[in-house]
Structures are given as C-alpha cells and as structure tokens.
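Worksheet: one structure, shown below.
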Amino acid sequence: MSVLTASWTKSKTTQRRLRDLLAYTLLAVGFVWFIFPLFWVIMGSLKTFEDFNQIPLRIFPSELYLGNYPSAWNSVPFGRYFINTAIIVSLSVVGELISASIVGFGFSRLKFWGRNFLFMVLLSTMMLPFWVVIIPRFLLYRDIGWVGTWLPLIVPSYFANPVYVFLMRQFFMTLPSELDDAAKIDGCNELGIFWRILLPLTKPVLATIAIFSFINVWTDFVKQVIYLSQDSTYTVAIGLAFLRWQIAQGDPVPGLLMAATVFTSLPMIAIFFIGQKYMVRGIALTGRTGT
Amino acid sequence: MQSPRTVAPNISWARLRPHIVGWAFISPWLVSFSFLMVYPFIASFVLSFTRYQLIGEAQFIGFENIQRMLFEDERVADSLRVTFTYVLLTVPAGTAISVLVAILLNQAVRGIPFFRTSFYMPSVIGGVGLALLWTTILAKNGPVNAALGLVGIEGPNWLFETAWALPSLALKALATAGAAMLIILAALQGVPQHLYEAVELDGGGEWAKFWHVTLPQISPAIFYNVIVTTIGVMQSFVEAFIMTNGGPGTATLFYGLYLYRQAFEFYRMGYASALAWMMFLIILALTIINFRVARYWVYYEGEE
Chain S
1 MSVLTASWTK SKTTQRRLRD LLAYTLLAVG FVWFIFPLFW VIMGSLKTFE
51 DFNQIPLRIF PSELYLGNYP SAWNSVPFGR YFINTAIIVS LSVVGELISA
101 SIVGFGFSRL KFWGRNFLFM VLLSTMMLPF WVVIIPRFLL YRDIGWVGTW
151 LPLIVPSYFA NPVYVFLMRQ FFMTLPSELD DAAKIDGCNE LGIFWRILLP
201 LTKPVLATIA IFSFINVWTD FVKQVIYLSQ DSTYTVAIGL AFLRWQIAQG
251 DPVPGLLMAA TVFTSLPMIA IFFIGQKYMV RGIALTGRTG T
Chain F
1 MQSPRTVAPN ISWARLRPHI VGWAFISPWL VSFSFLMVYP FIASFVLSFT
51 RYQLIGEAQF IGFENIQRML FEDERVADSL RVTFTYVLLT VPAGTAISVL
101 VAILLNQAVR GIPFFRTSFY MPSVIGGVGL ALLWTTILAK NGPVNAALGL
151 VGIEGPNWLF ETAWALPSLA LKALATAGAA MLIILAALQG VPQHLYEAVE
201 LDGGGEWAKF WHVTLPQISP AIFYNVIVTT IGVMQSFVEA FIMTNGGPGT
251 ATLFYGLYLY RQAFEFYRMG YASALAWMMF LIILALTIIN FRVARYWVYY
301 EGEE
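Chains as they are written, first to last, in my numbering: chain S, 1 to 291; chain F, 1 to 304.
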C-alpha cells in the first residue's frame, strides 16, 4: 500500500516537473519572439558601421560604440521635437483626466433623462473608424485656423475620449452609493460629491488613463502628420519618420536609425515600467489601450 | 393665491435640477460628440458627392466619386485586396497566439510577472518606433535572414519583394499583439475554479477542462478581441507608410494609406470622403457578420 502511494506521488511529481519544463520551454520561445527585436535594436545602436557588414552577422557589437547616439540626435532636431512632444502630451493628458472624470462621474453617479441611451451612443462611437471623420475634422480645423498648430492635437482631449470615460465610469460604478448619500446629507452638492468625495478615490484609474493617454498621444503619428506642417512644431514621431526617409534615400548608417529608435522609445518604456500595474488593470477593464 | 405661482416653479425646478446637472456633467462629451463625431460623420457623407480640392467651393458631382471608386479606380480594388489579405493574415493567427500565450502566462510557475512584462513591452513602443524596429529586423542583412542562413536558406529582402512585403508586415503585427494577450489573460483569471473541479469529479482530464470550461468561459473575451482587432487592422496605416510606403508596387497599399494619399497628398477631399464612407460600411458589415457568427461559438453565462 505504502509502496503504491509512493510511486503514485513520484509519478505525480515527475508529471509536474515535465509540465514545468514544457512551460518554461514555451515561455523561453515566447521571450525570444517578443523581446529579441528590442534586444537586437539596442545592440545595433551600439555597433559601428563595419559591424553590420560582417559575415556571419554579429549579435553583439565588436566594441561599445556610442557614436550613433549623438549622430542620430543631431541628424534631425530631436531636442526641439522632444520638447514639442512633451508639451503636446502633458497638456493632452491633463485634458483627458479632467474631462473623462467629469463625464464618467455624470454617467455613473447621476440619474438624468437619456443617460442609458447616451451611454450606448458613447460606446458605439468607440467603434467608429478614424478615417470616416478625419476629413471633415481637418476642414473644420482649417476653417478656424488651427491646422499647422498643436491645437487639433490638444484641444479635443478636453472634451472626453469615450474610452477613458468608459474606464472612469466602470470604476465609479464600483464605489458604494452610500458615499454620495452621506455627502448629500452633509449638504454636499453634486460638484462637491465629485470633487471632494469620489475623485480622491479614483487615483488608480486616473493613473491608468494618464499612462494610456501619454503613450497614445506620444505615438499618434497619423494625426501629427496630418495637422502639423512646420518644422518648428514637429514631434518625435515625425522626426523618426524623417530619419527613415533619409535612410531610404541612401544614408547608409543602420546604427543611427537604431539609436534613434532606442532613445525615442525610452519615454514609453519608462512609463511602462512605472505604471505597469495600472496599465494591466486598465486593459483588462476596457480591452484596449485607448483612442 | 400667491402660493401656486411661487411653489409651482420650485417643484419643476426641483424636478428638472438632477437632469440639468446630469447633462452639465456630460456636456464636454456632448460637445465632442456633436462637433467631432456626428458633424464629421454626416459631412463626409455629403462630401462624398462633391469634388473639393481645398480651394474654392465644393462642387456637387452626384455619383461620380462612387462610380469611380467602385468601377474605374483599380487602386481601390488593389488596396481592398491588400487590406483583406492583411486582416486574414493577422486576425485569426493573432487571436490564436494571444490565447496560447495567455494560457502560457496563466501557468503556476515561477517568474510569470517577468515573462508577462517582457511579452507585453514591445507593444507599448508603438507607432513609428516599432515600425522602424521591424524594418531593421527584416533588413536584407538582418537577423531574420542570418537565422535562415544558419539552416542554409537564403532569405529574401522581406520588405522590398512583392511576395514577401505583406507577410512581413503581418509578422510584425503578430509579434506585437500584447494588449489582446492581456485581455485573454484577465479572462482566464476570471474563470471560476469550481467549474474545473466539476470536470475533475466527472473524471475529465486537462483536455476536457480546456475544451468544456476554459474555452467557453473565455470566448466572450476572444470575441471582443476579434471585433476590436478587425476594426483596427482594417484601418492600418503607419506600418505601410513607414516600412514600405505601400510598395513594392501596390503590395502593401493598405486602404487607409490609399485614403490618406487621396486626402492629404492629392487633396481630393470629396473622393477621399467617398473612400472613407466605403471603409465605414465595410467595417460595419464585418462587425455585423462577426456578431452573427458569434452566436455559434461565443458562450454567455445564463444562456441556454
């Protein structure tokens, strides 16, 4: 009997070990699949021109060559583009936070005519293709003289992005309604309930929205390329695209392109590491990463 | 005698007040909804029937744009073919990968947070940066071809050969599908444990657990991903714009890229609006089809 049990336990642990081995093998494959491109570009940014033409191809640089970074930084006015992008992004993030929390509060904690219907409308607009509205928007902004400025990139943030409203609403719904009732008894009006009672509780979801909108605005190349037309207003993404077209026209330094890819991705990666917890929760909740 | 006059407005104010306050709170969205959604949506429909090159007045030309788009402009058919092929290359495979990777990340082994972070990280770089990164990966003398060289295959110049350019972009899309994976992972973690225990009691193995519990339970999340990625992929632009510029020839001429060129390189606002509305109708049709097909495979709690 005891022998039987022993062999049974043993086979169970062997099975368990085999399972773990399989899991780790697949995880390793996945790791290479997802991370290798990033690793490759970092290594490439540290390679000299000669390193790229060696056969067999080398993974690691022959020496730690840092020259690609200053050349990439100076080949396009990245300094100015970084400042421009930072201004656009920070003003947009503030707008998304303010407007999404106000509108999200309205849709979750207040009762009014048409609320459920309007919320369904809001959800359905999340499915509306960007391309079907971009042309009249462009013409509208042109007519009020905004094309060529940052305003079309920033101002809409202050008028509630449906995805962030949805995120905000889902969070507000989880807070007990007794909070509102108690505040009402204490003589608080809706604005007071929103500002003093509920908003301080929404910090985690505000963090999620801040991170999503940071990343989305920073990488939103399409709108930037449509609305901006002067060098002094350009963004990091446009700078990168310039670099790409220079290369296509025969600039022969892949390391330079890789260095630019690395330093322009750093803000994203930094934000990702700081706010990973909030991002994961936000994605699980909304099923998307914004816009 | 005075009381009705003073009381009546008060009552109606007390009644009206919550509605007014509610609408005031959602007013920022009402503004953007009206001016940045409803108005452009209708305006682009109207523009579809005009010729408008940014200067002067838009000229009404009836169905000329639509006729050209459907029957005369071969590029439209090309770009639709490219876009549909891209959807077929990325959505089913991407869905399968996201499910498999999520299941892998749901295993009870050590170091999962590390793997989850590294699997998701490339997708945050996004946009132009990610496109450039993959341009260097797929270069003629890049690492993909070096790896193929090790097994004696001479790899093509991926992004610059007609047959390989679109599959290359699809490969990039599959290696950066982080968000979809996290949605499935969240769904997996929400599957009630007692359902697995029930299968065990019935003597079912791992496969039975996966087939009868896991898959039905996560099917709504999978369905959601299919809807959202189909809509997103149909509108693809940046990959082609940065990596291939639509080429070689029309091999990667995404519909979104063609629309962009018509609108913002040739300033044919009327024609581009017609293209945009057709994109809207196609996406709408695909979404409806997806919902119809969902009846056969998506499981919702409380449904028989």
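From the three backbone atoms N, C-alpha and C, an ideal C-beta is built for every residue, glycine too.
Note that the structure is a prediction, hence the values are computed from the model and not measured.
Within 9 Å of any Cβ in chain F, is that where the Cβ of residue 48 (chain S) sits?
In the first sequence, counting from the first residue as 1, residue 48 (chain S) sits at position 48. Not one chain F Cβ lies under 9 Å of residue 48 (chain S).
Less than 9 Å between the beta carbons of residue 48 (chain F) and residue 256 (chain F), yes or no?
On the second sequence, residue 48 (chain F) is found 48 positions in, with the first residue counted as 1. On the second sequence, residue 256 (chain F) is found 256 positions in, with the first residue counted as 1. Going by C-beta atoms, residue 48 (chain F) is not nearer than 9 Å to residue 256 (chain F).
Buried or exposed for residue 256 (chain S), going by 16 or more other Cβ atoms inside 10 Å?
Residue numbering aside, residue 256 (chain S) sits at position 256 when the first sequence is read from its first letter. Buried.
When DSSP builds the beta bridges, which residues end up paired with residue 189 (chain F)?
Residue mapping note: residue 189 (chain F) aligns to position 189 of the second sequence, counting from 1. Looking at the DSSP assignment, residue 189 (chain F) forms no beta bridge with any residue, so it has no partner.
Return the Cβ separation of residue 101 (chain S) and residue 202 (chain S) in integer angstroms, given the expectation that the two are a contact with Cβ distance under 8 Å.
The count along the first sequence starts at 1 and reaches residue 101 (chain S) at position 101. The count along the first sequence starts at 1 and reaches residue 202 (chain S) at position 202. With a Cβ gap of about 7 Å, residue 101 (chain S) and residue 202 (chain S) count as contacting.
Is there at least one Cβ from chain F nearer than 9 Å to residue 137 (chain S)'s Cβ?
Taking the first sequence and counting its residues from 1, one reaches residue 137 (chain S) at position 137. So yes, residue 137 (chain S) belongs to the interface.
Under the three-state DSSP convention, the category residue 50 (chain F) falls into:
Your numbering for residue 50 (chain F) matches position 50 in the second sequence. Residue 50 (chain F) falls in the strand class under three-state DSSP.
Assigned secondary structure, residue 278 (chain S) (DSSP; H/G/I helix, E/B strand, else coil)
Residue mapping note: residue 278 (chain S) aligns to position 278 of the first sequence, counting from 1. Residue 278 (chain S) falls in the helix class under three-state DSSP.
Exposed or buried, what is residue 175 (chain F) when buried is set at 16 or more other beta-carbons lying within 10 Å of its beta-carbon?
Locating residue 175 (chain F) in the second sequence gives position 175, where the first residue counts as 1. Residue 175 (chain F) is buried by the Cβ-count criterion.
For residue 67 (chain F), which of helix, strand or coil comes out of DSSP?
One-based indexing of the second sequence puts residue 67 (chain F) at position 67. Reduced to three states, the DSSP call for residue 67 (chain F) is helix.
Given that a residue counts as buried once 16 or more other Cβ atoms are within 10 Å of its Cβ, and exposed if not, what is residue 245 (chain S)?
Against the first sequence, residue 245 (chain S) aligns to sequence position 245. When all chains shown are included, residue 245 (chain S) counts as exposed.
Quick one: list the residues of chain S neighbouring residue 40 (chain F), beta-carbon separation under 8 Å, in chain order.
On the second sequence, residue 40 (chain F) is found 40 positions in, with the first residue counted as 1. Those are 132, 133, 134, 135, 136, 137, 140, listed as they occur along chain S.
Scan the segment 43–77 of chain S for residues whose Cβ lies nearer than 8 Å to a Cβ of chain F and list them as they occur along the chain.
44, 52, 53, 56, 57, 59
I'd like to check one pair, residue 128 (chain S) with residue 280 (chain F): are the Cβ atoms closer than 9 Å?
Taking the second sequence and counting its residues from 1, the one referred to as residue 280 (chain F) is at position 280. Taking the first sequence and counting its residues from 1, the one referred to as residue 128 (chain S) is at position 128. Going by C-beta atoms, residue 280 (chain F) is nearer than 9 Å to residue 128 (chain S).
Spatial neighbours of residue 44 (chain S) within its chain, please: CB distance less than 7 Å, with the 5 preceding and 5 following residues excluded, ordered by chain position.
By 1-based counting over the first sequence, the position of residue 44 (chain S) is 44. Closer than 7 Å at the Cβ level, and outside the excluded window around residue 44 (chain S), lie 254, 255, 258.
Cutting at 6 Å between CB atoms, please list the residues of its own chain near residue 164 (chain F), excluding the five before and the five after it.
Translated into the one-based positions of the second sequence, residue 164 (chain F) becomes position 164. Closer than 6 Å at Cβ, skipping near neighbours: 156, 158.
From the DSSP output, in three-state form, read off residue 60 (chain F) for me.
On the second sequence, residue 60 (chain F) is found 60 positions in, with the first residue counted as 1. Residue state, collapsed to three classes: strand.
CB of residue 73 (chain S) to nearest heavy atom of the ligand GDP: below 8 Å?
Absence of the ligand GDP from the depicted structure is noted, as is the absence of any ligand whatsoever, leaving it without description.
If you reduce the DSSP assignment to three classes, tell me which class residue 75 (chain F) lands in.
Locating residue 75 (chain F) in the second sequence gives position 75, where the first residue counts as 1. Note: residue 75 (chain F) maps to helix in three-state DSSP.
So residue 141 (chain F) contacts chain S; which residues on that side make the cut at Cβ distance below 8 Å?
Translated into positions along the second sequence, residue 141 (chain F) becomes position 141. Chain S residues near residue 141 (chain F): 52, 53, 57.
Pick from F:125, F:38, F:212, F:107: whose alpha carbon is nearest that of residue 179 (chain F)?
Here residue 179 (chain F) refers to the residue found at position 179 when the second sequence is read from its first residue. When only C-alpha atoms are compared, the closest one is F:125.
Under 9 Å, do residue 242 (chain F) and residue 132 (chain F) count as touching if we go by C-beta distance?
Reading the second sequence from its first residue, position 242 is the one you call residue 242 (chain F). Reading the second sequence from its first residue, position 132 is the one you call residue 132 (chain F). Yes, they are a contact pair.
When the Cβ atoms of the segment 206–225 of chain S are set against those of the segment 262–269 of chain S, are three or more pairs found closer than 8 Å?
yes
Considering only their Cβ atoms, is the gap separating residue 233 (chain F) from residue 120 (chain F) smaller than 9 Å?
Here residue 120 (chain F) refers to the residue found at position 120 when the second sequence is read from its first residue. Here residue 233 (chain F) refers to the residue found at position 233 when the second sequence is read from its first residue. No, these two residues do not count as a Cβ contact at 9 Å.
Checking 9 Å against the spacing of the C-beta atoms, do residue 229 (chain F) and residue 170 (chain F) come in under that value?
Taking the second sequence and counting its residues from 1, the one referred to as residue 229 (chain F) is at position 229. Taking the second sequence and counting its residues from 1, the one referred to as residue 170 (chain F) is at position 170. Cβ atoms of residue 229 (chain F) and residue 170 (chain F): not closer than 9 Å.
How many angstroms separate the CA atom of residue 226 (chain S) from the CA atom of residue 214 (chain F)?
Here residue 226 (chain S) corresponds to residue number 226 of the first sequence, with the count starting at 1. Here residue 214 (chain F) corresponds to residue number 214 of the second sequence, with the count starting at 1. Computed Cα separation, rounded: 44 Å.
If I follow the unbroken alpha helix (DSSP H) through residue 278 (chain F), where does it start and stop?
Residue mapping note: residue 278 (chain F) aligns to position 278 of the second sequence, counting from 1. 269–297 is the span of the alpha helix (DSSP H), which, as asked, contains residue 278 (chain F).
Indicate whether at least one CB of chain S lies closer than 9 Å to the CB of residue 182 (chain F).
Indexing the second sequence from 1 puts residue 182 (chain F) at position 182. By this cut-off, residue 182 (chain F) is an interface position.
What is the DSSP secondary structure of residue 60 (chain S), counted as helix, strand or coil?
For the purposes of this step, residue 60 (chain S) is taken as the residue at position 60 of the first sequence. Of the three classes helix, strand and coil, the one that applies to residue 60 (chain S) here is coil, per DSSP.
Can you tell me whether residue 4 (chain F) is helix, strand or coil according to DSSP?
The residue you call residue 4 (chain F) lines up with position 4 of the second sequence. At residue 4 (chain F), the pLDDT of 48 sits below 50, so the modelled position is not reliable; the number obtained from the coordinates is stated separately. Helix at residue 4 (chain F).
Please list the residues of the segment 269–285 of chain S that have a C-beta atom closer than 9 Å to any C-beta atom in chain F, keeping them in chain order.
269, 271, 272, 273, 276, 279, 280, 281, 283, 284, 285
CA-CA distance, residue 4 (chain F) and residue 13 (chain F)?
Here the question's residue 4 (chain F) lines up with position 4 in the second sequence. Here the question's residue 13 (chain F) lines up with position 13 in the second sequence. Unreliable placement is indicated for residue 4 (chain F), whose pLDDT of 48 sits below 50; no coordinate value is reported for it.
Whether residue 238 (chain F) touches residue 222 (chain S) by CB criterion (9 Å):
For the purposes of this step, residue 238 (chain F) is identified with residue 238 of the second sequence, where counting begins at 1. For the purposes of this step, residue 222 (chain S) is identified with residue 222 of the first sequence, where counting begins at 1. Contact flag set, yes.
Proximity test, Cβ basis, 9 Å: residue 163 (chain F) and chain S
Locating residue 163 (chain F) in the second sequence gives position 163, counting from the first residue. No, its Cβ sits nowhere closer than 9 Å to a Cβ of chain S.
Determine whether the beta carbon atoms of residue 182 (chain F) and residue 116 (chain F) lie at a separation below 9 Å.
Taking the first residue of the second sequence as 1, we reach residue 182 (chain F) at position 182. Taking the first residue of the second sequence as 1, we reach residue 116 (chain F) at position 116. Against a cut-off of 9 Å, the Cβ pair of residue 116 (chain F) and residue 182 (chain F) comes out as a contact.
Burial state of residue 71 (chain F), where buried means 16 or more other Cβ atoms lie within 10 Å
Residue mapping note: residue 71 (chain F) aligns to position 71 of the second sequence, counting from 1. Residue 71 (chain F) should be labelled exposed.
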